[in-house]
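Right, dumping it as structure tokens:
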């Protein structure tokens, strides 16, 4: 199924596919459009740079010119010469030559009476008339070349888009690469849960109080007046981890206090190992005072 699905490339290329092709220098570009410019060298250079930038944007990549032993393979080179894409390029080149020749022939036939009349003129007049004919023919051929170049660029863009198309299987595989292997993600999540469980197991018995939601969130607080400026979040968890924290608190005799808004605010707003912000001082101080009074009463 995967091979059959892969053979039918009907899906538009993804942004990642386009970016990878662009990094490798695989872009839709018409050499004809780049080459058509003014006769002067500076004008040709400027026009070439402008048309190349218009076609592909600003692109700096060394991948197309990097040495590759596969490019030196005679067999592969021969295949590149006789493949369908090479035949299409050859056919288009021949068609361009035929069109240009046909247009030039038509222009010359139309101007044939004037060309025959040039022989009857004086040397200077004949030279001027010849230059005028060549100039007119050059303008018409230049206009034709521009049209052909634009058509060629449109074809190259279409061909580039078709070459980048992906099968459904390729799209799925690329999504996996972008999102990550599900097995790897599961292993990472499992390791993260194990580390969180170890931290909770070490921190909860040392906490002064567990503030709960009561079931969804649990936050363990500890305060030492000589070492801390404010109470510190030593552990926190949601759902299963919150249940584990409540179990550990019950086993080790750590008080559990239900304060829904405070538990939610501390869970989302304070990282483990950080002191609580000033806006929660009053609420946490009230809880700690209650816990201390309860501890003193139990001790008495």
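Residue numbers (my numbering): 158 to 457.
Cβ coordinates follow ideal geometry from the N, Cα and C atoms, glycine included.
1. Is there contact between the region 279-298 and the region 255-265, where contact requires at least three CB pairs shorter than 8 Å?
2. Can you tell me whether residue 394 is buried or exposed? The criterion is at least 16 other CB atoms within 10 Å of its CB, across all chains shown.
3. For residue 452, I'd like the list of residues in its chain whose CB is within less than 7 Å of its CB, leaving aside the five on either flank, ordered along the chain.
4. Please confirm if the region 385-400 is in contact with the region 318-333, defined as three or more CB-CB distances below 8 Å between the two stretches.
5. So what does DSSP say about residue 328, is it helix, strand or coil?
6. For residue 422, which residues in the same chain have their Cβ closer than 8 Å to its Cβ, ignoring the five residues on either side in sequence?
7. Output the residue ranges of the beta strand (DSSP E) runs that lie fully inside the region 336-418 and measure 3 residues or longer, sorted by chain position.
8. Residue range of the alpha helix (DSSP H) that residue 270 falls in?
9. Should residue 379 and residue 391 be called a contact, given that it needs their Cβ atoms to be closer than 7 Å?
10. In the DSSP assignment, what are the bridge partners of residue 323?
11. Measuring CB to CB, does residue 406 end up less than 7 Å from residue 361?
12. Distance check for residue 352 and residue 363, CA to CA, integer angstroms please.
13. Does residue 432 come out as helix, strand or coil in the three-state DSSP assignment?
In short, the structure shows the following:
1. yes
2. Flag for residue 394 reads buried.
3. none
4. no
5. Reduced to three states, the DSSP call for residue 328 is helix.
6. 437
7. 366-369, 374-379, 389-395 and 413-415
8. 269-275
9. yes
10. 168
11. yes
12. 18 Å
13. strand
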